[in-house]
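Heads up: the structure comes next, in C-alpha coordinates.
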Amino acid sequence: MFKIMAGLKTLLPLFLFLSTTTALPTLEQRGSTTCGSTYYTASKVSAASSKGYADYQDGTEPGGYPHTYHNYEGFDFPVDGPYQEFPLLSSGSVYTGGSPGADRVIFTTSGKLAGEITHTGASGDDFVGCSGTS
(Lines of atoms letter the chains of each structure in order from A and count residues from 1; the text may use other names and numbers.)
(Lines give C-alpha, C1' and ligand atoms only; values in the text may rest on other atoms or scores of the structure.)
Protein backbone atom coordinates (compact mmCIF):
# COMPACT_ATOMS: atom_id res chain seq x y z
CA MET A 1 0.00 0.00 0.00
CA PHE A 2 2.81 2.40 0.92
CA LYS A 3 4.58 1.69 -2.39
CA ILE A 4 1.43 2.50 -4.34
CA MET A 5 0.99 5.80 -2.48
CA ALA A 6 4.66 6.70 -3.04
CA GLY A 7 4.27 5.89 -6.74
CA LEU A 8 1.19 8.09 -7.00
CA LYS A 9 3.01 10.98 -5.31
CA THR A 10 5.77 10.63 -7.90
CA LEU A 11 3.36 10.54 -10.83
CA LEU A 12 1.02 13.29 -9.63
CA PRO A 13 3.23 16.21 -10.77
CA LEU A 14 3.62 14.54 -14.17
CA PHE A 15 -0.16 14.15 -14.56
CA LEU A 16 -0.73 17.77 -13.51
CA PHE A 17 1.90 18.98 -15.99
CA LEU A 18 0.45 16.94 -18.84
CA SER A 19 -3.11 18.01 -18.10
CA THR A 20 -2.19 21.70 -18.27
CA THR A 21 0.02 21.43 -21.34
CA THR A 22 -2.26 19.20 -23.38
CA ALA A 23 -5.58 20.91 -22.71
CA LEU A 24 -7.90 20.88 -25.69
CA PRO A 25 -7.90 24.14 -27.63
CA THR A 26 -11.05 26.21 -27.82
CA LEU A 27 -12.39 27.15 -31.21
CA GLU A 28 -12.54 30.82 -30.35
CA GLN A 29 -11.61 32.77 -27.24
CA ARG A 30 -14.16 35.36 -26.23
CA GLY A 31 -13.30 37.69 -23.40
CA SER A 32 -15.01 40.22 -21.24
CA THR A 33 -14.86 43.90 -22.17
CA THR A 34 -15.66 47.36 -20.86
CA CYS A 35 -17.38 49.88 -23.13
CA GLY A 36 -17.32 53.34 -21.56
CA SER A 37 -18.15 52.47 -17.95
CA THR A 38 -20.23 49.38 -18.78
CA TYR A 39 -18.65 45.99 -18.10
CA TYR A 40 -19.72 42.97 -20.15
CA THR A 41 -18.91 39.42 -19.13
CA ALA A 42 -17.51 37.02 -21.70
CA SER A 43 -20.85 35.19 -21.73
CA LYS A 44 -22.75 38.43 -22.56
CA VAL A 45 -20.33 39.21 -25.41
CA SER A 46 -20.67 35.65 -26.67
CA ALA A 47 -24.48 35.73 -26.44
CA ALA A 48 -24.71 38.97 -28.43
CA SER A 49 -22.26 37.75 -31.06
CA SER A 50 -24.05 34.41 -31.39
CA LYS A 51 -27.48 36.06 -31.70
CA GLY A 52 -26.18 38.57 -34.23
CA TYR A 53 -24.58 35.84 -36.31
CA ALA A 54 -27.73 33.67 -36.15
CA ASP A 55 -29.82 36.64 -37.34
CA TYR A 56 -27.27 37.31 -40.09
CA GLN A 57 -27.49 33.71 -41.29
CA ASP A 58 -31.30 33.77 -41.16
CA GLY A 59 -31.47 37.10 -42.96
CA THR A 60 -33.49 38.65 -40.14
CA GLU A 61 -32.75 42.19 -38.99
CA PRO A 62 -34.70 43.11 -35.85
CA GLY A 63 -34.41 46.88 -35.47
CA GLY A 64 -32.08 46.96 -38.50
CA TYR A 65 -29.39 44.74 -36.92
CA PRO A 66 -27.15 43.07 -37.73
CA HIS A 67 -25.90 45.19 -40.57
CA THR A 68 -22.65 45.75 -42.39
CA TYR A 69 -19.91 47.46 -40.41
CA HIS A 70 -17.46 49.26 -42.71
CA ASN A 71 -14.74 49.97 -40.11
CA TYR A 72 -14.37 53.61 -41.15
CA GLU A 73 -12.52 54.19 -37.86
CA GLY A 74 -9.78 51.75 -38.90
CA PHE A 75 -9.82 49.34 -35.95
CA ASP A 76 -7.16 46.65 -36.04
CA PHE A 77 -9.39 43.62 -35.52
CA PRO A 78 -7.68 40.23 -35.06
CA VAL A 79 -9.74 38.70 -37.89
CA ASP A 80 -10.37 39.90 -41.42
CA GLY A 81 -13.83 41.04 -42.54
CA PRO A 82 -16.30 41.57 -43.99
CA TYR A 83 -17.87 42.63 -40.70
CA GLN A 84 -21.33 42.88 -39.20
CA GLU A 85 -22.33 44.95 -36.16
CA PHE A 86 -24.89 43.99 -33.55
CA PRO A 87 -26.01 45.75 -30.34
CA LEU A 88 -24.44 44.81 -27.02
CA LEU A 89 -27.00 45.90 -24.43
CA SER A 90 -26.02 47.34 -21.05
CA SER A 91 -29.15 45.73 -19.55
CA GLY A 92 -27.55 42.32 -20.07
CA SER A 93 -30.35 41.21 -22.38
CA VAL A 94 -29.77 40.04 -25.94
CA TYR A 95 -31.01 42.54 -28.52
CA THR A 96 -34.31 41.69 -30.22
CA GLY A 97 -35.28 45.15 -31.51
CA GLY A 98 -35.86 48.66 -30.24
CA SER A 99 -33.17 51.06 -29.07
CA PRO A 100 -29.72 49.57 -29.76
CA GLY A 101 -27.88 51.61 -27.12
CA ALA A 102 -24.28 52.75 -27.63
CA ASP A 103 -22.33 49.49 -27.61
CA ARG A 104 -21.75 46.98 -30.40
CA VAL A 105 -20.21 43.59 -30.94
CA ILE A 106 -18.45 43.16 -34.28
CA PHE A 107 -18.26 39.76 -35.96
CA THR A 108 -17.31 38.47 -39.38
CA THR A 109 -19.74 37.08 -41.92
CA SER A 110 -18.24 33.67 -41.09
CA GLY A 111 -19.14 34.09 -37.40
CA LYS A 112 -15.78 35.00 -35.86
CA LEU A 113 -15.75 37.59 -33.11
CA ALA A 114 -13.76 40.66 -34.20
CA GLY A 115 -14.20 42.99 -31.21
CA GLU A 116 -16.44 45.38 -29.32
CA ILE A 117 -16.94 49.09 -29.99
CA THR A 118 -18.99 51.94 -28.55
CA HIS A 119 -20.36 55.37 -29.39
CA THR A 120 -19.59 56.40 -25.78
CA GLY A 121 -16.71 58.88 -25.85
CA ALA A 122 -16.69 59.13 -29.65
CA SER A 123 -17.55 62.23 -31.65
CA GLY A 124 -20.71 62.31 -33.71
CA ASP A 125 -21.79 58.90 -34.96
CA ASP A 126 -18.25 57.46 -34.75
CA PHE A 127 -17.09 54.59 -32.58
CA VAL A 128 -14.19 54.03 -30.21
CA GLY A 129 -12.92 50.65 -29.13
CA CYS A 130 -14.03 48.99 -25.94
CA SER A 131 -11.29 47.43 -23.80
CA GLY A 132 -9.36 44.93 -25.91
CA THR A 133 -10.28 46.58 -29.24
CA SER A 134 -7.91 49.10 -30.80
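Here the sequence shown stands for residues -23 to -1, 1 to 111, where the numbers follow mature numbering (1 follows the signal peptide of the UniProt record, and there is no 0).
Think of the CB as a built atom: it goes at the ideal place given N, C-alpha and C, for glycine as much as any other residue.
Residue i - containing alpha helix (DSSP H), residue span
{"i": "D80", "result": "Note, D80: premise wrong, no alpha helix (DSSP H); beta strand (DSSP E) at 80 to 85."}
DSSP three-state assignment for residue i, whether helix, strand or coil
{"i": "Y30", "result": "helix"}
{"i": "G106", "result": "strand"}
Neighbour-count burial assignment, residue i, 16 or more Cβ in a 10 Å radius
{"i": "E62", "result": "buried"}
{"i": "P43", "result": "buried"}
{"i": "D102", "result": "exposed"}
{"i": "E38", "result": "exposed"}
{"i": "T18", "result": "exposed"}
{"i": "E50", "result": "exposed"}
{"i": "Y16", "result": "exposed"}
{"i": "T95", "result": "buried"}
{"i": "G106", "result": "buried"}
For residue i: DSSP bridge partner residues
{"i": "Y16", "result": "T11"}
*Let me know the beta strand (DSSP E) ranges lying completely inside the region 46 to 101, each 3 residues or longer, listed in chain order.*
60 to 64, 80 to 85, 90 to 95
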